[in-house]
Structures are given as structure tokens and as C-alpha cells.
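Here the structure comes first, spelled out in C-alpha cells, and everything after it is commentary.
There are 2 protein chains.
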Amino acid sequence: MASEITVIPNGSVTSPQGFTAGATYAGIRAYTPDKVDLGILFSEQPTTAAGTYSTNKILSPSVTVTKESVAGGVTRGVIVNSGCANCAVGDQGYTDAQEMASLAAGVLGVDPSTMAASSTGIIGVELPMGLIRNAIGNIEQSPDGGHDFARSILTTDTVTKEIAVSFSAGGKRVTLAGCAKGSGMIHPNMATMLSYLTTDAQVDAAFLQETLGVVVDSTFNMIDIDGDSSTNDTVLLLANGASGVTLSKGTPEGDTFTAALLEVCTHLAREMVRDGEGATKLIEVTVEGAESVSDARLAARSVASSILVKTAIHGNDPNWGRIIMALGKSGAEMVEKNIGLYINDICIMESGLPIPVFRESLIASMQGTEVRILAKLNIGSGAATGWGCNMSEEFVTFNSAYTT
Amino acid sequence: MASEITVIPNGSVTSPQGFTAGATYAGIRAYTPDKVDLGILFSEQPTTAAGTYSTNKILSPSVTVTKESVAGGVTRGVIVNSGCANCAVGDQGYTDAQEMASLAAGVLGVDPSTMAASSTGIIGVELPMGLIRNAIGNIEQSPDGGHDFARSILTTDTVTKEIAVSFSAGGKRVTLAGCAKGSGMIHPNMATMLSYLTTDAQVDAAFLQETLGVVVDSTFNMIDIDGDSSTNDTVLLLANGASGVTLSKGTPEGDTFTAALLEVCTHLAREMVRDGEGATKLIEVTVEGAESVSDARLAARSVASSILVKTAIHGNDPNWGRIIMALGKSGAEMVEKNIGLYINDICIMESGLPIPVFRESLIASMQGTEVRILAKLNIGSGAATGWGCNMSEEFVTFNSAYTT
Chain A
536 MASEITVIPN GSVTSPQGFT AGATYAGIRA YTPDKVDLGI LFSEQPTTAA
586 GTYSTNKILS PSVTVTKESV AGGVTRGVIV NSGCANCAVG DQGYTDAQEM
636 ASLAAGVLGV DPSTMAASST GIIGVELPMG LIRNAIGNIE QSPDGGHDFA
686 RSILTTDTVT KEIAVSFSAG GKRVTLAGCA KGSGMIHPNM ATMLSYLTTD
736 AQVDAAFLQE TLGVVVDSTF NMIDIDGDSS TNDTVLLLAN GASGVTLSKG
786 TPEGDTFTAA LLEVCTHLAR EMVRDGEGAT KLIEVTVEGA ESVSDARLAA
836 RSVASSILVK TAIHGNDPNW GRIIMALGKS GAEMVEKNIG LYINDICIME
886 SGLPIPVFRE SLIASMQGTE VRILAKLNIG SGAATGWGCN MSEEFVTFNS
936 AYTT
Chain B
536 MASEITVIPN GSVTSPQGFT AGATYAGIRA YTPDKVDLGI LFSEQPTTAA
586 GTYSTNKILS PSVTVTKESV AGGVTRGVIV NSGCANCAVG DQGYTDAQEM
636 ASLAAGVLGV DPSTMAASST GIIGVELPMG LIRNAIGNIE QSPDGGHDFA
686 RSILTTDTVT KEIAVSFSAG GKRVTLAGCA KGSGMIHPNM ATMLSYLTTD
736 AQVDAAFLQE TLGVVVDSTF NMIDIDGDSS TNDTVLLLAN GASGVTLSKG
786 TPEGDTFTAA LLEVCTHLAR EMVRDGEGAT KLIEVTVEGA ESVSDARLAA
836 RSVASSILVK TAIHGNDPNW GRIIMALGKS GAEMVEKNIG LYINDICIME
886 SGLPIPVFRE SLIASMQGTE VRILAKLNIG SGAATGWGCN MSEEFVTFNS
936 AYTT
């Protein structure tokens with residue numbers, strides 16, 4: 536019998552045992568009170584690590600350093616800067632990412648190859664290494680530092696995204712936690728984002744990587760803010776075993792771990808979209824009855840990322856023809872006369888034919904902060920859910936002057 | 536030696552010999568003075584026709600009727616309504632599209648199967664056939680009716696898009712013309728659009744279809760306004776032979792025809808993007824040195840359709856990291872250290888490294904109504920050009936209230 540998964544109030548990435556974190560203001564981003572832009576997440580014991588990364592052909596060397604650390608088999612933690620993506624700066628980018636990891640390793644007293652590194656921010660300018668060298672000593676590692684770390688990775692986000700859950704296994708308590716940042720350049724296929732996940736379970740590397748891949752495909756890879764994909768996307772999961780619980784594939788406890796990871800990543804993915812640049816509404820798109828799960832994902836992603844759907848929902852405009860258009864252009868198999876369509880549980884179309892809907896009640900239902908779209912393709916059993924956000928005038932204003 | 540291609544001042548789809556056109560206001564769209572929403576383009580002689588169509592799985596039955604007419608081998612013309620897409624309305628859509636073609640055929644005295652039909656506008660409402668039946672008799676066919684026809688196909692467009700060119704072949708004059716409408720749901724892979732092309736050359740069907748496919752791939756399929764793809768896209772090319780000139784594949788005159796078609800479609804594609812919803816700037820993206828032409832097209836389309844590039848250019852923000860991001864996510868092969876990047880001829884990056892650019896002069900160069908981006912991948916010889924437009928706050932406002 537699977538154990539119940541409980542959300543820990545005010546949880547953070549240091550909720551699991553044996554993790555510390557801290558952050559400081561290095562001066563990489565423009566100063567405002569309480570701003571932090573350089574953070575470290577650290578495990579007191581060596582961890583097993585798993586990661587998924589951007590598929591963009593132009594990749595930040597910080598991602599490369601993280602991949603190398605994870606491939607090395609022993610990861611102790613990650614250092615993250617916001618404000619500068621450390622991307623498209625030639626060979627200097629790799630040198631700087633390595634030095635950043637080494638600086639963190641130095642203050643933590645561990646081998647440099649065990650530290651991962653991430654960067655997020657403007658592309659095409661070099662990391663201000665002088666500032667980072669000056670600031671590295673100011674980071675105080677603490678078992679309560681998870682919230683500060685979560686703040687240090689933000690760029691245009693307006694709020695942190697954090698969650699921790701726990702479940703019992705073998706009479707002990709396992710904790711799993713995560714934080715994430717958005718909130719632009721976000722589109723499926725490694726949604727443009729950073730997320731750090733921690734657990735005090737002991738998990739072998741193969742199971743950890745496999746279960747992370749499965750969960751990311753149905754969470755972070757199913758969200759869209761602006762259709763663009765960044766050069767720096769990273770999801771990093773660290774398992775340090777401090778709980779004394781070992782989890783394996785194919786066991787009830789292993790399955791509970793996967794369920795907990797799905798819960799954590801779903802929460803972070805949804806919160807990331809909800810905090811999309813200029814966004815005020817979360818759009819949840821569910822596709823059922825597709826020929827396959829991959830078809831359902833294609834269709835849900837197509838609707839959740841359609842600019843014309845996003846702008847219509849911004850205006851509470853039940854222009855469902857755009858949803859049909861986005862389903863049709865997705866590449867997923869469909870038969871028009873089989874399609875059923877719902878907005879907020881109100882049936883708009885059945886068997887491919889529009890239903891005479893009381894338009895005012897439909898518009899009224901769209902005023903809230905979440906809009907749910909359900910498409911029943913009725914040709915198979917594939918199902919998937921994706922998330923997007925409304926596109927507002929503020930999004931355009933904001934993105935017209937990001938560097939100027 | 537190829538003949539010179541000359542632009543005809545104030546040309547229209549009735550500039551080629553033997554074509555007539557006309558339009559009327561049927562009441563499908565909201566009334567404003569001078570508005571027309573139902574048009575007919577007609578050839579006095581049977582034509583050879585070629586077409587390219589939307590690849591959306593949800594297709595307007597009007598497109599189906601057009602495909603059937605073209606497949607029939609004899610097309611006399613096309614009837615077009617704006618305001619209603621005749622899409623997602625079940626079997627009634629096909630019945631109505633057929634009746635629309637029949638009504639036109641009736642007043643023109645030709646076989647119904649020789650008339651194509653197109654619809655553009657809101658998805659999910661039935662064509663108001665009563666209005667169309669009432670209005671059909673009011674359309675006056677005239678050899679000067681091309682401009683009226685061009686107006687009748689518009690939806691959110693602010694101006695008509697029209698051009699006619701001519702060249703000499705065998706001592707005679709061949710004329711080729713076109714009109715088109717945008718200006719939303721526009722993205723490569725049959726850009727969402729309608730375009731009608733006419734010529735008085737005699738061209739066999741195979742060559743006509745082949746050359747249209749080649750030209751559409753490098754013109755209409757290389758533009759983007761909002762990343763969405765419509766259910767009604769149609770490009771229809773009618774060749775009626777009225778000039779007395781027969782053109783064949785592999786001849787100098789045939790090549791001139793292809794060049795003329797490229798000139799006409801490039802003009803219409805660019806004008807369509809320039810008139811994109813809320814757009815004030817044309818963005819021209821050229822990719823050179825790609826591994827293949829298809830890679831160059833992928834990369835150019837990715838940049839031209841990136842929301843973050845579109846919004847940055849809207850604000851005259853030289854945030855070229857977003858261009859690099861969009862190149863990298865395109866799927867095209869590239870090697871970072873080989874990339875050169877230019878905005879309006881100003882070199883931003885060479886050998887993958889940023890050039891110290893005088894930022895103010897770069898911003899100044901972006902104030903105009905056209906912004907040119909050139910990416911040199913330097914790994915092969917594939918080249919392509921794509922077009923997009925800036926994304927403005929007006930675009931969002933407009934698309935938040937399209938049906939309400």
C-alpha cells in the first residue's frame with residue numbers, strides 16, 4: 536500500500552535532511568533592497584544526481600559544467616547566479632563556469648568536480664567574475680537557507696516557487712523538495728527554466744535519472760509561456776540518503792517516490808506558468824482520447840502555446856475556433872466529427888459540432904485566475920495535460936525593453 | 536537570355552488578359568462604408584490551375600471544394616467570402632461551400648465544378664447562405680474589378696496587397712498578377728492566408744503546380760505573424776492562356792515565369808507581414824552558410840517567429856541574445872564558434888564572439904520600418920530568407936477581443 540504524501544508547510548530545498556543553502560548579493564543584477572543573485576545549494580554528504588537540460592544547440596557552458604559534474608557520479612551541490620546567462624561568450628564561458636564551481640567548492644571544502652553550476656539572465660555578456668570572487672565568501676550555508684536560495688535564482692519572476700513533501704518508507708520519513716524559476720523563454724522541450732530538487736532518500740543513479748525523465752516529460756516539458764526555449768534550462772535532482780531510506784525501482788516505496796516527485800514538479804510547473812511574464816491566468820489544457828500519449832501531449836502543448844488562444848483568454852473571449860485551430864495544427868491525429876470541447880466544464884462542441892452555448896455564462900466563467908480547456912478527441916486512449924498562461928499587453932511592454 | 540520583368544503600375548489580378556472580377560457587400564461582416572465581403576474572380580476561358588493549401592488537420596470545407604475543382608482539371612474562377620471561415624460546422628460546411636460555388640457558377644453560366652471557393656473569418660459559425668444568395672446577383676464582373684476583389688478578401692488587414700508584373704516571351708507580353716490577405720493566424724507551413732494569382736500565359740498543369748510549390752516554399756511559407764496556422768489557407772494560381780504564349784518547364788521563358796512568380800509572391804508575402812495585426816516593422820531574417828537550404832529555412836523561420844525577438848524589435852531593443860536563442864532552438868545544425876550575426880549590416884557577433892558595438896548607433900538603426908537580421912552559420916552553403924513583424928501591445932489588445 537502506497538504511503539500518503541504530505542505537503543510540508545513553508546517547505547524548501549533544505550527541508551530534506553542534510554542539505555544547506557545560502558545566498559548573497561554579488562552585484563550581478565541591479566541593486567534593490569533584499570535582492571540576492573548568487574546562491575549555493577549543498578549536501579553535507581555526497582549525493583546521487585540526475586539532470587535534464589536544454590536541447591538548444593547554443594548551450595550555456597554552465598550547463599556543460601553541470602552535466603560533467605553529474606556524469607562524474609558524485610555531486611555535492613550547485614552554485615547559481617542570476618542576471619547573466621554566461622552564454623554566447625566563447626571559450627571564456629566554460630572557463631568562468633568552471634571557476635564559479637571551483638570558488639564554491641573552495642569555501643565548502645569539497646572537490647571542484649563535485650559542484651554543478653547554473654546561470655540565468657542576459658545572453659552574450661561575460662560573467663562578472665570579479666564580483667563573484669568578492670561575494671563568494673559572504674554566502675552563509677544554513678539548514679534554513681532554502682528560501683534564500685530560491686530567491687537567488689529568480690530573474691523576472693515575481694515570487695519564489697517552492698514546495699516540500701514527505702512520505703514514510705520502512706518506518707522512516709523521506710522528504711522531497713524543489714524550487715524553480717521562470718518566467719520567460721518558456722516552452723516545452725526542456726521548458727526554459729531552472730529547477731533544483733532535493734531528497735534525503737538514497738536512490739540509485741539509474742532509477743533517479745529514469746524517474747526524473749518521466750516526471751519532467753509530463754510537468755516541466757508541458758508548460759509554455761512564450762514559445763521560446765532558453766540556452767540554460769536545467770533540472771537537477773540530488774538524493775543524499777540522509778534519511779537512511781533506500782528506494783528502488785519497482786518497489787511500493789519507489790513508486791511513492793515517483794508519485795511525490797510528480798507532485799513536486801507539477802506544483803512547480805504550474806506556479807512557474809502562473810508567474811509567467813505579465814500573466815494573470817493559468818490555462819490548463821487536457822486532451823483525452825488521443826491516438827497515443829505523445830499525440831495528446833502534442834495537442835495539449837499546441838493549445839497551451841498558441842498565441843491566439845493566449846490572447847483570447849486574456850480578454851475572457853470564448854473564441855474557441857482558435858482552440859480547434861491549435862488542435863488541428865498540432866500534428867496529432869484527429870477526426871473532426873469525433874471532437875468534443877469544453878471550457879471550464881461547459882461543453883462548447885460535441886461530435887465536431889458547436890453546441891448553442893449561453894455566451895454570457897461562458898464569459899463569466901472565464902473571469903477567474905484559472906481557465907480549464909478539455910478536448911476529447913475520441914479516437915483512442917492517450918491523455919495529457921499541459922499548462923500555459925494568458926498573454927497580456929504587459930508581456931509585450933515588458934519584453935520590448937528587457938535590456939534597454 | 537531571360538526577359539526583363541516589369542512591374543505594372545496599379546496592377547491587379549485582372550491585369551492579365553481574359554480575367555474579370557467583382558465584389559459586393561453581402562452583410563457577412565459588420566457594415567462600414569465601402570466594405571465588401573463577397574468577391575468573384577473569373578477567367579473568360581478555362582484555366583489550368585495549381586494550388587497549395589493549409590496542412591491543418593481541421594480544414595475548412597471551402598478548401599476541400601477548391602481542391603476538388605483544381606483536381607477536376609478545369610477551373611474558371613473562385614468565389615471568396617470574408618467574415619466567416621466556414622470551418623468546424625460539421626457537414627453543413629461542405630454543403631454550403633458547394634452551394635457558394637454553384638451560386639457563382641449560376642450567375643457566370645459555367646459548370647459548378649469549375650468554381651473554387653474560399654472563406655476566411657470566424658471559425659465555428661455557419662455561412663449565412665441567405666445573405667450570400669441575396670447578394671450573389673449584385674456582383675458585377677469587370678476587367679477592372681481586380682482591386683474590388685482584393686478588398687473583398689480582407690479581414691483584419693488594413694490595406695490590400697496587390698501586384699502585377701509582365702515580361703515578353705516569343706514577341707508577346709505575358710502578365711502575371713496576384714493579391715493576398717493576412718493578417719492573423721500566420722505561420723509557415725502554409726502561412727495562414729489567402730492568395731489568388733492570375734496569368735494569361737498557357738502553362739501545363741504539372742509545371743504550374745511544381746513551380747508554385749517551389750515559390751510558395753520560399754515566400755508564403757517563410758513568413759510569420761503570430762505562430763498560428765489557420766484552417767483555411769489557400770494559394771490558387773490560374774493560367775488561362777489568353778496572351779497566346781505557351782510556357783514550358785526548362786525553357787528560358789519558363790524560367791522567366793518562375794522568376795516572375797517569385798517576385799509576385801515575395802512582394803505579397805512581405806506586404807502581408809508588414810500589415811500583420813498591430814505590426815509597424817517588417818523583420819527580414821536571412822540565414823547563410825547553413826548545412827542545407829532546409830536548415831537555413833528552419834533557422835530563419837525560428838528567428839522570424841520568436842515572440843521574444845518580435846517584442847524586442849518592437850522596442851528597438853538590440854537584445855541579440857534572443858536571436859542566438861532562436862537560432863539554437865530551431866533544430867538547424869550549427870557550431871557556436873562559427874556564427875556571425877548582423878543587425879541592419881552592423882556586425883554584432885563574429886566567430887561566435889560578441890563584437891563591442893556602439894549600442895546607440897545600433898538602436899538608432901532599428902527605429903525604421905524594416906529591421907534586417909543576417910546570421911552566417913559558416914558550416915555549409917544553405918541560404919534562406921524569412922519574414923516576420925514586431926509584436927506590439929496593440930496585437931494583444933486586438934486579439935483579446937476578436938469575437939467579443
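If you read the sequences in order, they're chains A and B.
First residue of the first sequence? That's 536 in the numbering used here, and the numbers climb one at a time after it.
First residue of the second sequence? That's 536 in the numbering used here, and the numbers climb one at a time after it.
The beta carbon of each residue, even a glycine, is placed where N, CA and C say it ideally should be.
**Asked** My guess is that A:G940 and A:A831 are in contact by the Cβ rule of under 8 angstroms, so how many angstroms apart are they, rounded?
**Response** A query on residue 940 of chain A cannot be resolved here, the shown segment of chain A reaching from 536 to 939 and no further.
**Item:** Chain-order list of residues whose beta-carbon lies under 6 angstroms from that of B:V615 (same chain, five-residue window excluded)
**Value:** For the purposes of this step, residue 615 of chain B is taken as the residue at position 80 of the second sequence. G574, S653 and I688.
**Asked** Quick one: is B:G659 near chain A, going by C-beta distance under 8 angstroms?
**Response** Taking the first residue of the second sequence as 1, we reach residue 659 of chain B at position 124. Interface residue, yes.
**Message:** Is it buried or exposed, A:E812, if we count other Cβ atoms within 10 angstroms and call 16 or more buried?
**Reply:** The sequence position of residue 812 of chain A within the first sequence is 277, counting from 1. So A:E812 ends up on the buried side.
**Request:** Buried or exposed for A:D626, please, with buried defined as at least 16 other CB atoms from any protein chain shown within 10 angstroms of its CB.
**Result:** Along the first sequence, read from residue 1 onward, the residue named residue 626 of chain A stands at position 91. Exposed is the call here.
**Request:** Tell whether a beta-carbon distance below 8 angstroms holds between B:M757 and B:R836.
**Result:** Against the second sequence, residue 757 of chain B aligns to sequence position 222. Against the second sequence, residue 836 of chain B aligns to sequence position 301. In this structure, B:R836 lies closer than 8 angstroms to B:M757 by Cβ.
**Prompt:** Looking only at C-alpha atoms, which of B:I563, B:K570 and B:T567 sits nearest to B:C619?
**Reply:** Counted from its first residue, the second sequence places residue 619 of chain B at position 84. Nearest C-alpha to B:C619: B:I563.
**Asked** Where does the unbroken alpha helix (DSSP H) through A:V808 begin, and where does it stop?
**Response** One-based indexing of the first sequence puts residue 808 of chain A at position 273. P787 to R809 is the extent of the alpha helix (DSSP H) around A:V808.
**Message:** Distance check for B:D761 and A:G665, CA to CA, integer angstroms please.
**Reply:** By 1-based counting over the first sequence, the position of residue 665 of chain A is 130. By 1-based counting over the second sequence, the position of residue 761 of chain B is 226. Answer to the nearest angstrom: the Cα atoms are 42 angstroms apart.
**Message:** For a test of the three-state rule: what should DSSP assign to A:F554, helix, strand or coil?
**Reply:** Here residue 554 of chain A refers to the residue found at position 19 of the first sequence. A:F554: strand per DSSP, three-state reduction.
**Message:** Using beta carbons (cut-off 8 angstroms, strictly below), is A:D679 in contact with chain B?
**Reply:** To locate residue 679 of chain A, count along the first sequence from 1; it is residue 144. Chain B contact via Cβ: absent.
**Request:** Assign B:K911 to one of two classes, buried (16 or more other C-beta atoms within 10 Å of its C-beta) or exposed (fewer than that).
**Result:** The residue you call residue 911 of chain B lines up with position 376 of the second sequence. Buried: at least 16 other Cβ atoms inside 10 Å.
**Prompt:** How many whole angstroms separate the CB atoms of A:V906 and A:I818, which I take to be in contact at a CB cut-off of 8 angstroms?
**Reply:** On the first sequence, position 371 is the one that residue 906 of chain A refers to. On the first sequence, position 283 is the one that residue 818 of chain A refers to. That pair is a contact at about 5 angstroms.
**Asked** Which whole-angstrom value describes the C-beta separation of B:T754 and B:T821, a residue pair presumed to lie in contact below a C-beta threshold of 8 angstroms?
**Response** On the second sequence, residue 754 of chain B is found 219 positions in, with the first residue counted as 1. On the second sequence, residue 821 of chain B is found 286 positions in, with the first residue counted as 1. Not confirmed; about 14 angstroms, so no contact.
**Prompt:** Touching or not, the region 548 to 563 of chain B and the region 671 to 691 of chain B, by the rule of three or more beta carbon pairs under 8 angstroms?
**Reply:** yes
**Message:** Within 8 angstroms of any Cβ in chain B, is that where the Cβ of A:H849 sits?
**Reply:** Residue 849 of chain A sits at position 314 when you count from the first residue of the first sequence. Cβ-Cβ to chain B under 8 angstroms: yes for A:H849.
**Asked** So, using beta-carbon positions, are A:M589 and A:S764 closer together than 8 angstroms?
**Response** For the purposes of this step, residue 589 of chain A is taken as the residue at position 54 of the first sequence. For the purposes of this step, residue 764 of chain A is taken as the residue at position 229 of the first sequence. Residue identity differs from the one stated: residue 589 of chain A is Ser in this sequence, not Met. The answer is yes: Cβ separation under 8 angstroms.
**Asked** Taking the continuous beta strand (DSSP E) assigned at A:E812, which residues delimit it?
**Response** What you label residue 812 of chain A is simply residue 277 of the first sequence in a count that begins at 1. Here A:E812 belongs to no beta strand (DSSP E), and DSSP marks it neither H nor E.
**Asked** How is the beta strand (DSSP E) around A:T623 delimited, first residue to last?
**Response** What you label residue 623 of chain A is simply residue 88 of the first sequence in a count that begins at 1. The residue you asked about is not Thr; residue 623 of chain A is Ala in the sequence shown. Segment: none, A:A623 is in no beta strand (DSSP E) and carries neither H nor E.
**Prompt:** In chain A, which residues lie less than 9 angstroms from B:D790 when you measure between Cβ atoms?
**Reply:** To locate residue 790 of chain B, count along the second sequence from 1; it is residue 255. The contacting residues do not exist; B:D790 stays about 35 angstroms from chain A at best.
**Prompt:** Hey, quick one: how far does the beta strand (DSSP E) through A:A863 stretch, first residue to last?
**Reply:** Taking the first sequence and counting its residues from 1, the one referred to as residue 863 of chain A is at position 328. Here residue 863 of chain A turns out to be Gly, not Ala, going by the sequence shown. Taken as a continuous stretch (DSSP letters only), A:G863 belongs to no beta strand (DSSP E), being part of the alpha helix (DSSP H) at G856 to K864.
**Prompt:** Residues in its own chain within less than 7 angstroms of B:G915 by CB, not counting five upstream and five downstream?
**Reply:** Locating residue 915 of chain B in the second sequence gives position 380, counting from the first residue. The answer, listed in chain order, is G824, A825, E826 and S827.
**Item:** When B:N591, B:E579 and B:V870 are compared against B:A623, the one with the closest alpha-carbon
**Value:** One-based indexing of the second sequence puts residue 623 of chain B at position 88. Answer by Cα proximity: B:N591.
**Item:** Cα-Cα separation, A:A640 to A:D646
**Value:** Translated into the one-based positions of the first sequence, residue 640 of chain A becomes position 105. Translated into the one-based positions of the first sequence, residue 646 of chain A becomes position 111. Each residue's Cα considered, the two are about 6 angstroms apart.
**Asked** Skipping 5 residues on each side, what residues in its chain have a beta carbon closer than 8 angstroms to that of A:T599?
**Response** Locating residue 599 of chain A in the first sequence gives position 64, counting from the first residue. The answer, listed in chain order, is Y629 and A632.
**Any 3 or more C-beta pairs closer than 8 angstroms across the region 927 to 937 of chain B and the region 927 to 937 of chain A** = yes
**Message:** I'd like to know if A:S597 contacts chain B, where contact means its C-beta is closer than 8 angstroms to some C-beta of that chain.
**Reply:** Position 62 of the first sequence, counting from 1, holds the residue named residue 597 of chain A. Not an interface residue.
**CA-to-CA distance, A:G656 to A:L729, given in whole angstroms** = Here residue 729 of chain A refers to the residue found at position 194 when the first sequence is read from its first residue. Here residue 656 of chain A refers to the residue found at position 121 when the first sequence is read from its first residue. Near 11 angstroms, if we compare the C-alpha coordinates of A:G656 and A:L729.
**Beta-carbon spacing of B:A736, B:A699 below 8 angstroms** = As a working note, residue 736 of chain B is residue 201 in the second sequence. As a working note, residue 699 of chain B is residue 164 in the second sequence. Not a contact, by the Cβ cut-off of 8 angstroms.
**Request:** Using three-state DSSP, classify B:R668 as helix, strand or coil.
**Result:** Here the question's residue 668 of chain B lines up with position 133 in the second sequence. Helix, per DSSP.
**Asked** Under 9 angstroms Cβ-Cβ, which residues of chain A neighbour B:K872?
**Response** As a working mapping, residue 872 of chain B is identified with position 337 in the second sequence. Those are G625 and D626, listed as they occur along chain A.
**Request:** Leaving aside the five residues before and after B:L638 along the sequence, list all residues of the same chain whose C-beta is less than 6 angstroms from its C-beta, in chain order.
**Result:** Taking the first residue of the second sequence as 1, we reach residue 638 of chain B at position 103. Cβ within range, chain order: I671.
**Request:** Would you identify the three-state DSSP class for A:R611, choosing helix, strand or coil?
**Result:** Numbered from its first residue, the first sequence carries residue 611 of chain A at position 76. The answer is strand: DSSP assigns A:R611 an E or B state.
**Asked** Under the DSSP definition of a beta bridge, which residues are partnered with A:D759?
**Response** Looking up residue 759 of chain A in the first sequence gives position 224. Partner(s): A:G923.
**Message:** Quick test of your reading: A:A715 and A:L771, contact by CB under 8 angstroms. State the CB separation rounded to the nearest angstrom.
**Reply:** Within the first sequence, the letter at position 180 stands for residue 715 of chain A. Within the first sequence, the letter at position 236 stands for residue 771 of chain A. In fact, because the Cβ distance is near 11 angstroms, the residues do not count as touching under 8 angstroms.
**Message:** Please report the straight-line C-alpha distance between B:I842 and B:F702, rounded to a whole angstrom.
**Reply:** As a first step, residue 842 of chain B must be located in the second sequence, where it is residue number 307. As a first step, residue 702 of chain B must be located in the second sequence, where it is residue number 167. Distance between the alpha carbons of B:I842 and B:F702: 40 angstroms.
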